[in-house]
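Remarks on the structure that follows.
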Amino acid sequence: MSDKFHLAANIEQPFVIGRSANCDLILKDSSVSRQHAQIYRENSLWIYEDLNSSTGSWLGKQKIAKQVINNSLLIRVGLSDLHIQNLGQDLLINRINRANSFLNIPWQEGTTLRIGRAANADIYIKHPLCPLHYAEIFFLATKVHISFLKQKFYQKTTEKIIENQELLNIGWGSIYLQDQVLQWIEAPVGFNVKVSNLQVKLQDKYLLKNFNLHLHSGELLYVIGASGQGKSSFLNAVNGKWKSAYSQISINGVSPHQNQIKQGVAFLKQHTPLRNYLTVYETLDHQAQLRLPKDFDQSRRREIIDDYLKLMGLEHLRNSLIRTLSGGEKKRVALVNELLSQPGLLLLDEPFSGLDSINSANLAHWLRQISWQGYSMIITTHDLSTYTLADRVLIVHEGYMAFYGNPSQALSFFNARNGAHILQKITEKSGKEWNQAFKDSRPGYDKFTPQEKTYAPQQKQESKNLNYLKLTLNRFLKSIYRDKGRLWTLIAQPLIISLLFFLLFNKNSSTWVAAFALNMSSIWFALSLGIREITAERERLLVELQGGAPLNALIFGKSLAVLLVTLLQSSICAFALQTILQIKLPWASMILALSSGLLATLTLGLAISAMVKNSNQANATLPLILIPQLMFAGAIVPLDQMHPLGRSVAYITGSQYFQKALQNIFTATAISTELILAPLIISLCFIIIAMLNLKYNKE
Numbered sequence: 020m021s022d023k024f025h026l027a028a029n030i031e032q033p034f035v036i037g038r039s040a041n042c043d044l045i046l047k048d049s050s051v052s053r054q055h056a057q058i059y060r061e062n063s064l065w066i067y068e069d070l071n072s073s074t075g076s077w078l079g080k081q082k083i084a085k086q087v088i089n090n091s092l093l094i095r096v097g098l099s100d101l102h103i104q105n106l107g108q109d110l111l112i113n114r115i116n117r118a119n120s121f122l123n124i125p126w127q128e129g130t131t132l133r134i135g136r137a138a139n140a141d142i143y144i145k146h147p148l149c150p151l152h153y154a155e156i157f158f159l160a161t162k163v164h165i166s167f168l169k170q171k172f173y174q175k176t177t178e179k180i181i182e183n184q185e186l187l188n189i190g191w192g193s194i195y196l197q198d199q200v201l202q203w204i205e206a207p208v209g210f211n212v213k214v215s216n217l218q219v220k221l222q223d224k225y226l227l228k229n230f231n232l233h234l235h236s237g238e239l240l241y242v243i244g245a246s247g248q249g250k251s252s253f254l255n256a257v258n259g260k261w262k263s264a265y266s267q268i269s270i271n272g273v274s275p276h277q278n279q280i281k282q283g284v285a286f287l288k289q290h291t292p293l294r295n296y297l298t299v300y301e302t303l304d305h306q307a308q309l310r311l312p313k314d315f316d317q318s319r320r321r322e323i324i325d326d327y328l329k330l331m332g333l334e335h336l337r338n339s340l341i342r343t344l345s346g347g348e349k350k351r352v353a354l355v356n357e358l359l360s361q362p363g364l365l366l367l368d369e370p371f372s373g374l375d376s377i378n379s380a381n382l383a384h385w386l387r388q389i390s391w392q393g394y395s396m397i398i399t400t401h402d403l404s405t406y407t408l409a410d411r412v413l414i415v416h417e418g419y420m421a422f423y424g425n426p427s428q429a430l431s432f433f434n435a436r437n438g439a440h441i442l443q444k445i446t447e448k449s450g451k452e453w454n455q456a457f458k459d460s461r462p463g464y465d466k467f468t469p470q471e472k473t474y475a476p477q478q479k480q481e482s483k484n485l486n487y488l489k490l491t492l493n494r495f496l497k498s499i500y501r502d503k504g505r506l507w508t509l510i511a512q513p514l515i516i517s518l519l520f521f522l523l524f525n526k527n528s529s530t531w532v533a534a535f536a537l538n539m540s541s542i543w544f545a546l547s548l549g550i551r552e553i554t555a556e557r558e559r560l561l562v563e564l565q566g567g568a569p570l571n572a573l574i575f576g577k578s579l580a581v582l583l584v585t586l587l588q589s590s591i592c593a594f595a596l597q598t599i600l601q602i603k604l605p606w607a608s609m610i611l612a613l614s615s616g617l618l619a620t621l622t623l624g625l626a627i628s629a630m631v632k633n634s635n636q637a638n639a640t641l642p643l644i645l646i647p648q649l650m651f652a653g654a655i656v657p658l659d660q661m662h663p664l665g666r667s668v669a670y671i672t673g674s675q676y677f678q679k680a681l682q683n684i685f686t687a688t689a690i691s692t693e694l695i696l697a698p699l700i701i702s703l704c705f706i707i708i709a710m711l712n713l714k715y716n717k718e
């Protein structure tokens with residue numbers, strides 16, 4: 020729950036905060052005084068003044084009496100956080116209610132409390148990534164015993180003991196034991212990020228050097244600099260790309276590469292791929308099914324999606340296809356896609372790239388709205404038209420941290436008139452010189468209090484193989500149905516080939532040649548479809564895999580989808596040949612042989628599709644794969660007449676087993692088990708190759 024207030028520069032009376040009904044901002048909280056604080060304007064300055072001497076107002080860990088609001092402050096009053104932003108003349112106040120963030124539990128020796136997302140949990144955690152049953156607390160005589168649970172059968176996995184006056188951070192919140200009272204302190208939405216003497220070296224070149232900063236929960240950070248100065252490298256370091264930086268970065272007290280943090284960090288790349296054939300709602304619902312727990316049913320997912328569509332001003336585009344959206348609208352949809360799982364840290368690489376000034380300003384407005392919900396955000400940009408919206412700016416030059424502070428401090432430090440002038444002034448010195456100048460201007464800026472360690476045992480993610488398999492099939496069918504050109508091409512292919520069969524064959528034609536014609540057609544169907552299936556949406560698939568999508572479900576889903584279409588195409592051609600040759604085919608054996616042979620070919624296509632970088636490379640590779648499949652099928656040159664090396668190649672080529680199986684079917688001969696199993700084994704090998712390649716690219 021949040022409330023927003025906009026104070027104009029010509030305010031005449033102080034803006035009063037307190038518990039009294041006549042206050043401007045009423046806080047229904049017993050720890051807040053009737054008139055607790057006031058905000059007023061004096062000599063062109065905005066002033067926050069505390070009127071209460073007991074519980075007070077807190078800026079971080081410091082109790083304040085009077086504070087000038089130069090840029091952006093987060094002040095705690097009772098159980099509320101006030102995010103106050105100076106817009107130059109006017110003031111913006113955003114109140115975040117933390118009333119449900121604290122829980123005092125009296126001592127009950129011998130009893131057990133449950134922590135989790137289940138409705139009947141004693142300590143309820145609403146975050147969707149929290150397990151239903153996370154941990155149990157058992158009260159002993161003078162201490163508490165905490166058992167963390169495995170999600171399968173809820174077995175105890177790891178245990179901790181908390182003594183009096185001890186505090187344990189378990190990721191979703193902290194447990195503090197003091198004088199026979201257990202206090203639960205819910206963690207804020209946004210993550211804290213600390214960077215200590217960050218150095219990133221690639222081969223013999225330093226990408227980043229001498230970075231020290233602390234981003235507080237709920238703050239918006241702009242990383243500014245010209246192209247090639249190290250902005251994206253810094254973002255990648257925070258995202259856990261380089262092992263050498265693991266010990267130099269902590270997110271909520273945990274290294275960025277650990278699973279419990281990776282699940283809570285969303286990385287939105289400069290060009291975030293979306294599937295053009297889906298609607299906005301379908302795009303978000305598919306992501307919700309992937310990211311949110313299984314117990315979030317359709318109605319609950321719809322409610323969450325609708326809330327974010329309203330937040331980002333997209334509700335009127337709910338049923339619009341992605342391909343019909345503008346660049347700015349697509350960026351907002353991609354942003355909502357990442358917000359569905361409520362990440363504690365959002366990393367955005369050049370989100371304003373490719374947008375005009377109006378769309379850039381609109382997107383910056385929506386990003387500011389998101390940060391007011393408590394999310395921590397780091398944005399890289401060289402567009403400084405909106406940088407004053409940030410709580411903090413990090414200016415990077417030649418791989419060095421040239422400055423870190425708020426926007427107004429940046430202008431003062433560089434003696435610049437505006438953001439664009441900063442980028443001009445920064446070229447006057449080297450990155451190393453600016454880094455030293457910043458150190459000299461801020462003695463001790465890099466000395467941070469050690470961040471509290473988080474104890475969060477590894478939690479095995481719930482299996483979503485079947486769910487993702489269904490999603491993959493669903494998307495494949497929609498991609499065909501909504502692309503009319505592709506749909507009619509897939510329909511026309513077997514019909515045209517069947518027509519050619521009627522022109523080529525008659526009832527006296529060789530069944531051996533007919534079997535090869537069907538083999539050749541089926542190989543074409545499977546290869547031409549499979550070889551483009553992964554590379555056509557490669558970037559989107561990698562994003563999903565990095566977000567936890569099961570790799571095996573992806574490959575098996577793609578294989579099954581392509582098999583269904585190509586099996587139908589091949590069956591049409593087989594039926595045409597049956598009609599022309601005036602023979603009765605054993606259709607059970609034919610479907611079995613077609614399925615086996617098609618799988619060996621289409622999985623080869625998927626393996627190639629996982630290796631190539633784009634559709635152009637896939638198209639160029641297609642004939643290089645297709646021709647050997649036909650040459651080594653044993654129809655052009657019988658197997659016993661091949662060169663020994665060629666015969667060895669034929670044994671690992673699924674087409675020769677497929678050819679023999681079809682020949683047997685057309686000549687009413689029994690199919691040996693080998694002719695069915697061999698292509699399936701070959702298929703499995705290609706599936707493994709595709710999975711290994713995607714796994715490598717994902718990491």
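The opening position of the sequence shown corresponds to residue 20 in the numbering used here, with each subsequent residue numbered one higher.
From the three backbone atoms N, C-alpha and C, an ideal C-beta is built for every residue, glycine too.
Asked, Found
"Cα-Cα separation between isoleucine 690 and tryptophan 531, rounded to whole angstroms", "15 angstroms"
"Beta-carbon spacing of asparagine 538, glutamine 678 below 7 angstroms", "yes"
"Any non-hydrogen atom of the ligand SAH within 6 angstroms of glutamate 452 CB", "Ligands in the displayed structure: none, and consequently the ligand SAH is not present."
"Simplified DSSP state of histidine 384, which is helix, strand or coil", "helix"
"Residue interval of the alpha helix (DSSP H) (run including valine 668)", "663-670"
"Beta-ladder partner(s) of threonine 722, from DSSP", "The displayed coordinates of the chain run from 20 to 718. Any statement about residue 722 would go beyond what the structure contains."
"Whole runs of the beta strand (DSSP E) within the segment 230-303, excluding any shorter than 3 residues", "239-243, 268-270, 284-287"
"Cα-Cα separation, glycine 129 to lysine 179", "16 angstroms"
"In DSSP terms, what phenylalanine 157 is bridged to", "Thr131, His164"
"Three-state class that DSSP yields for isoleucine 189 in the structure shown", "coil"
"Beta carbon of glycine 418 nearer than 7 angstroms to that of glycine 249", "yes"
"Phenylalanine 535, buried or exposed, once every other Cβ within 10 Å from all chains shown has been counted against 16", "buried"
"Aspartate 223 - DSSP class collapsed to helix/strand/coil", "coil"
"Unbroken beta strand (DSSP E) run spanning alanine 421, endpoints", "419-424"
"Opening and closing residue of the alpha helix (DSSP H) in which histidine 440 lies", "438-444"
"Burial state of isoleucine 441 (16 or more Cβ within 10 Å)", "buried"
"Pairwise C-alpha distance: isoleucine 142 and leucine 151", "11 angstroms"
"Of the listed residues Leu93, Asn123, Ala206, nearest to asparagine 113 (C-alpha basis)", "Leu93"
"Cα-Cα separation, phenylalanine 521 to valine 299", "46 angstroms"
"Per-residue DSSP class, three states only, for arginine 351", "helix"
"Beta-carbon proximity check, isoleucine 553 vs leucine 621, cutoff 7 angstroms", "no"
"Environment of alanine 709 [buried if 16+ CB atoms lie within 10 Å]", "buried"
"Glycine 79 classed as buried or exposed, judged by whether at least 16 other C-beta atoms fall within 10 angstroms", "exposed"
"Cβ-based neighbour list, leucine 617, same chain, cut-off 7 angstroms, excluding 5 preceding and 5 following", "Ser541, Ala545, Leu582, Thr585, Leu586, Ser589"
"Counterpart residues of valine 214 in DSSP-defined beta bridges", "Leu232, Ile268"
"Limits of the unbroken alpha helix (DSSP H) element including aspartate 325", "317-330"
"Alpha-carbon spacing of serine 404 relative to lysine 162, whole angstroms", "55 angstroms"
"Isoleucine 134 and tyrosine 153 closer than 7 angstroms at C-beta", "yes"
"Span of the alpha helix (DSSP H) around threonine 400", "Segment 395-400 is the beta strand (DSSP E) holding threonine 400; no alpha helix (DSSP H) there."
"Cβ-based burial, glutamine 197 [other Cβ within 10 Å; buried from 16]", "exposed"
"Beta-carbon separation (whole angstroms), glycine 37 vs arginine 53, contact threshold 8 angstroms", "5 angstroms"
"Bounding residues of the alpha helix (DSSP H) (the contiguous stretch that carries glutamate 452)", "450-460"
"From Leu604, Lys526, Asn493, residue whose alpha carbon lies closest to that of lysine 577", "Asn493"
"Reduced DSSP secondary structure (H/G/I, E/B, other) of phenylalanine 594", "helix"
"C-alpha distance - tyrosine 173 paired with threonine 131, whole-angstrom precision", "Confidence at tyrosine 173 is low in this model, with a pLDDT of 46, below 50, so the placement of that residue should be treated as unreliable; the coordinate-derived value is given next. Taking the straight line joining both Cα atoms gives about 15 angstroms."
"Complete runs of the alpha helix (DSSP H) confined to the segment 529-564 [at least 4 residues]", "530-552"
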